[in-house]
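A short write-up of the structure that comes next.
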Amino acid sequence: MTSRLLMPFRTAGAGPAPDAETAGSTRPTSILDLAHPRVAALVTRVRREADERGATTDRGLLRTAHGIIAATVRPVYSVEDLRRVSRTLRLGRGSCSQRMAVLEAVARSLGVPTRVRGLLVDGAFWYPRFPKLRPFVPEEVLLAWPEFLLDDTWVPVAELFGRGEEAGPAPAGVFTNAGEETGPAPAGAFTNAGAETLFEAVARTTVDWDAPAACAGSAPCDLSAHLRTDLGRFTSRDELFARHGQTLCLPARTLAEPLLGRWSAGAGAGADTSTTSSSAA
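In terms of the numbering used here, the sequence shown opens at residue 184 and continues consecutively.
In structure tokens, the structure reads:
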């Protein structure tokens, strides 16, 4: 039972969707405010820590950035997808979308072109996170899934940590998103319940919306059953949201943001919104 009442009018099928050849960019945008001192300070920290670890490639720098963001920006359920990266850094908290925007801003600042893939995901995918609020879960959620141009190849955010240069050993388990990992993750379906979010998950396991051969069927990394519509690629998340709108309409965002913007991911419906996630830091 999902709801359309809180969603804006959206015509996802209007006009041809951008194809896989959409060009990316390293330019700043309204969301990716690269020139802001907070963004510049984060990039400086990424360069320093990556150099200390010997992670000198673009991929290594982005992995370092991901780790810093995961440790310093607390995961919450904010619904403001147009929030500037500098504000997310100032608040020290953000949704998966906002934290991925921070990673994109770092990439562009490092000279790595980025673009996003627009995905309309079934709202039921978020039921485990809001068990008592299902009637208010939007029917579909718009995700801006980042891609990075590395060695002339577009790499989705979930493949930044694939095996290869600086990849290290393969993950010991699979992503169940059901709490803290205390050893090899048990086999099972992706549940999207618990403290770990998609942003953290991509660092240790495969997450794929396309049901590749390695994930086909019921494998935990296959999220294709949750994908309603592939909107294609866009040069920036600004362009995606300008064309298709955000998940919630403006009145719904205005009412929901004061609560959801402080509600820690994994805290559970009705939990104290000041609770922080120990596994997300």
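Glycine included, every Cβ here is placed at the ideal spot set by N, Cα and C. These numbers come from a predicted model, not from an experiment.
### Task
Return yes when the Cβ of residue 291 is within less than 8 Å of the Cβ of residue 343, no when it is not.
Here residue 343 corresponds to residue number 160 of the sequence shown, with the count starting at 1. Here residue 291 corresponds to residue number 108 of the sequence shown, with the count starting at 1. No, the Cβ-Cβ distance between residue 343 and residue 291 is not below 8 Å.
### Query
When burial is assigned at 16 or more other CB atoms within 10 Å of the CB, is residue 304 buried or exposed?
Here the question's residue 304 lines up with position 121 in the sequence shown. Residue 304 is buried by the Cβ-count criterion.
### Task
Compare the C-alpha of residue 210 against each of 386, 227, 419 and name the closest.
The count along the sequence shown starts at 1 and reaches residue 210 at position 27. Nearest C-alpha to residue 210: 419.
### Query
Relative to the C-alpha of residue 268, which residue among 378, 230, 223 is closest?
Within the sequence shown, residue 268 is the residue found at index 85, counting from 1. Comparing Cα positions, the closest option is 223.
### Query
Which word fits residue 213, buried or exposed, when buried means at least 16 other C-beta atoms lie within 10 angstroms of its C-beta?
Taking the first residue of the sequence shown as position 1, residue 213 is located at position 30. Under this definition residue 213 is an exposed residue.
### Task
State the start and end residues of the unbroken beta strand (DSSP E) segment that holds residue 243.
By one-based count along the sequence shown, residue 243 stands at place 60. Per DSSP, residue 243 belongs to no beta strand (DSSP E); it is in the alpha helix (DSSP H), 241-255.
### Query
When you compare only the Cα positions, how much space is there between residue 370 and residue 280?
Counting from one through the sequence shown, the residue named residue 370 turns up at place 187. Counting from one through the sequence shown, the residue named residue 280 turns up at place 97. Any reading at residue 370 must be qualified, since the residue scores a pLDDT of 38, below 50, and its modelled position is unreliable; the value itself is stated next. Approximately 27 Å, taken between the alpha carbons.
### Message
So, with DSSP's three-state summary, where would you put residue 330?
### Response
If you number the sequence shown from 1, residue 330 lands on position 147. The answer is strand: DSSP assigns residue 330 an E or B state.
#### Entry: Where residue 298 sits in the DSSP three-state scheme
Looking up residue 298 in the sequence shown gives position 115. Residue 298: strand per DSSP, three-state reduction.
### Query
Would DSSP call residue 209 helix, strand or coil?
Counting from 1 along the sequence shown, the entry for residue 209 is found at position 26. Residue 209 falls in the coil class under three-state DSSP.
#### Entry: Length of the line joining the Cα atoms of residue 385 and residue 283
On the sequence shown, residue 385 is found 202 positions in, with the first residue counted as 1. On the sequence shown, residue 283 is found 100 positions in, with the first residue counted as 1. Cα to Cα, the separation comes out at about 11 Å.
### Closest by C-alpha distance to residue 328, when choosing among 340, 336, 321, 322
Numbered from its first residue, the sequence shown carries residue 328 at position 145. Comparing alpha-carbon positions, the option among 340, 336, 321, 322 lying closest to residue 328 turns out to be 340.
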